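Have a look at the structure below, then the notes.
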Amino acid sequence: MLNYRMVVIFVLLNLVIGLGTGCSSNHQSKDSDGEDKVMLFPVKIKDEYGYVDENYKIVVQAKYDNVNYFSEGLAAVQKNRKWGYIDKRGKVIIPMQYDGAFRFNEGHAVVVKRNEKGEENWFVINKKGKKVIETDYYRMSFFSEGLSAVIFNEGGHTGYINTQGEVVIETQFKFAGNFNEGLAVVSKNNKWGYIDRLGEIVVPIIYDDALAFTEGLAPVKKGELWGFINKEGHWVTEAEFDDAGQMFEGLAAVKKDEKWGFVDHQGTLVIPYQYDATRYFSENLAAVLVENEGWGYIDRNGKEVIRPIYSEAYNSENGIMLVSKETLFEYEYIDQSGNDVVFLEKK
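First residue of the sequence shown? That's 4 in this note's numbering, and the numbers climb one at a time after it.
Printed below as a string of structure tokens:
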């Protein structure tokens, strides 16, 4: 077999599809449908993209212009400026015909087509590529907990539909997020709060900013400071931080005096304020930015695990991480010890 050093595709997370690019929101390399648990990772070889497995062997040959992560057994891939979907054997399941494509979630995917005027129409397909909701939308999110946030026309407000296309929560919000842990963050009149799946306001719309609930807590902003509330809207940690991230693996990044550290569920500072930027914990590691050095990784005790030598670094997925030492567009994989991952071409 022939050894290759491969540059990795950089997949931007949580971006809305636009200008013919695919969208991968909350990227997943592990399927949630229970059908196929083989992990595949995107790679770039000679300006084309394919996939490798957990053993770093090429499974899908590099022949696409762009690719996204697999979700529920399918991945959006682009060829000749059009998007379709392949399975984990590389077989085309849904032909290349879309101008944009979201990942599959709960058996559905949001796709985009442009008309002759260049106007985008957003709609929903199933895993056979069949349009399952006749209505086209101006914008919509992927389905989460059975609901999708939709905007019917430019400048309109946001509401929610179910998988049958029925409007179950009327369009009334300036912003409406995906449901997570039974609640969704929404905004009205420049204030933020939370609704349940019936559209009932369960945490008042009184905050100046807010993020989705994770692990039973949500970061919210009151005035100029951030704190954490529970699902009853009670403060668990009073607003005392300059900025705050969501809780993952029992820790959340918080900022004071231009530096970031981490607190636990009780709001106790467990990793001191010392970093210029951080990402959330994943598989017991967090990427952190050290002043005048770069991005590296720490463990849950704040101990340095991988030296801060990278220009960019991202979360651990099944023991490997995306990092870059040079540009924002050329990435490689490393393992949790900081070793370069070398991929092997199939015979």
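Even glycine gets a Cβ: it sits at the ideal position worked out from N, Cα and C. This one's a predicted model, so the numbers in the text were calculated from it and none came from an experiment.
query: Buried or exposed for residue 103, going by 16 or more other Cβ atoms inside 10 Å?; result: buried
query: Going by beta carbon distance, what residues of the same chain come within less than 7 Å of residue 233, once the five residues before and after it are set aside?; result: 219, 220, 239
query: Could you tell me which uninterrupted beta strand (DSSP E) segments, each at least 3 residues in length, are contained entirely in the segment 75 to 150, listed from first to last along the chain?; result: 78 to 82, 85 to 89, 95 to 101, 112 to 117, 123 to 128
query: Could you tell me the boundaries of the beta strand (DSSP E) in which residue 190 lies?; result: 187 to 191
query: Do residue 273 and residue 284 have their CB atoms nearer than 8 Å?; result: no
query: Figure out for me which residue from 194, 293, 151 has the closest Cα to the Cα of residue 164.; result: 151
query: Give the single residue among 168, 61, 119 whose Cα lies nearest to the Cα of residue 2.; result: This structure cannot speak to residue 2, because the chain is shown only from 4 to 350.
query: Of all the CB atoms in chain B, is at least one closer than 8 Å to the CB of residue 136?; result: The chain inventory of the structure shown lacks chain B, comprising one protein chain alone.
query: Alpha carbon to alpha carbon, what distance is there between residue 300 and residue 341?; result: 9 Å
query: What does DSSP give as the partner residues of residue 44 in its beta bridges?; result: 55
query: How about the segment 171 to 178 and the segment 132 to 146: do they share at least three Cβ pairs that are nearer than 8 Å?; result: no
query: Report the residue ranges of all beta strand (DSSP E) runs contained in full by the segment 172 to 249; include only those spanning at least 3 residues, in chain order.; result: 187 to 191, 194 to 198, 204 to 210, 221 to 225, 228 to 232, 238 to 244
query: Compare the C-alpha of residue 77 against each of 95, 335, 191 and name the closest.; result: 95
query: Once DSSP output is grouped into helix, strand and coil, what is the label at residue 341?; result: coil
query: For residue 295, which three-state DSSP category applies?; result: coil
query: Three-state secondary structure (DSSP) at residue 259?; result: strand
query: DSSP state of residue 319, grouped into three classes?; result: coil
query: Excluding the 5 residues preceding and the 5 following residue 198 in the sequence, name in chain order all residues of the same chain whose CB lies nearer than 6 Å to its CB.; result: 187, 189, 204
query: Is the Cβ-Cβ distance between residue 236 and residue 206 less than 8 Å?; result: yes
query: Can you tell me whether DSSP reads residue 335 as helix, strand or coil?; result: strand
query: What is the DSSP secondary structure of residue 314, counted as helix, strand or coil?; result: coil
query: Which same chain residues, not among the five before or five after residue 49, have their C-beta less than 8 Å away from its C-beta?; result: 65
query: Assuming residue 244 and residue 230 are in contact, meaning their beta carbons sit under 8 Å apart, how far apart are those beta carbons, in whole angstroms?; result: 7 Å
query: Within the same chain, show all residues whose beta-carbon is closer than 7 Å to that of residue 41, passing over the 5 residues directly before and after it, in chain order.; result: 56, 91
query: Within a Cβ cutoff of 6 Å, which residues of the same chain sit near residue 208, ignoring the five residues on either side of it in sequence?; result: 191, 194, 196
query: Pick helix, strand or coil for residue 278, following the three-state DSSP scheme.; result: strand
query: Cα-Cα, which of 310, 75, 132 is closest to residue 99?; result: 132
query: If you run the structure through DSSP and keep just helix, strand and coil, what is residue 161?; result: strand
query: Residue 64 lies in the beta strand (DSSP E); which residues open and close that run?; result: 61 to 67
query: Residue 298: which of 305, 310, 288, 161 sits nearest, CA to CA?; result: 310
query: Count the other C-beta atoms from every protein chain shown that fall within 10 angstroms of the C-beta of residue 35, then say buried if there are 16 or more, exposed otherwise.; result: With a pLDDT of only 40 at residue 35, under the threshold of 50, the placement of this residue in the model should not be trusted, and no figure is reported.
query: Express the C-alpha separation of residue 324 and residue 30 in angstroms, rounding to a whole number.; result: Annotation note: pLDDT 28 at residue 30 (below 50); position unreliable, no value reported.
query: Under the assumption that residue 107 contacts residue 74 (Cβ atoms under 8 Å), give the Cβ distance between them as a whole number of angstroms.; result: 5 Å
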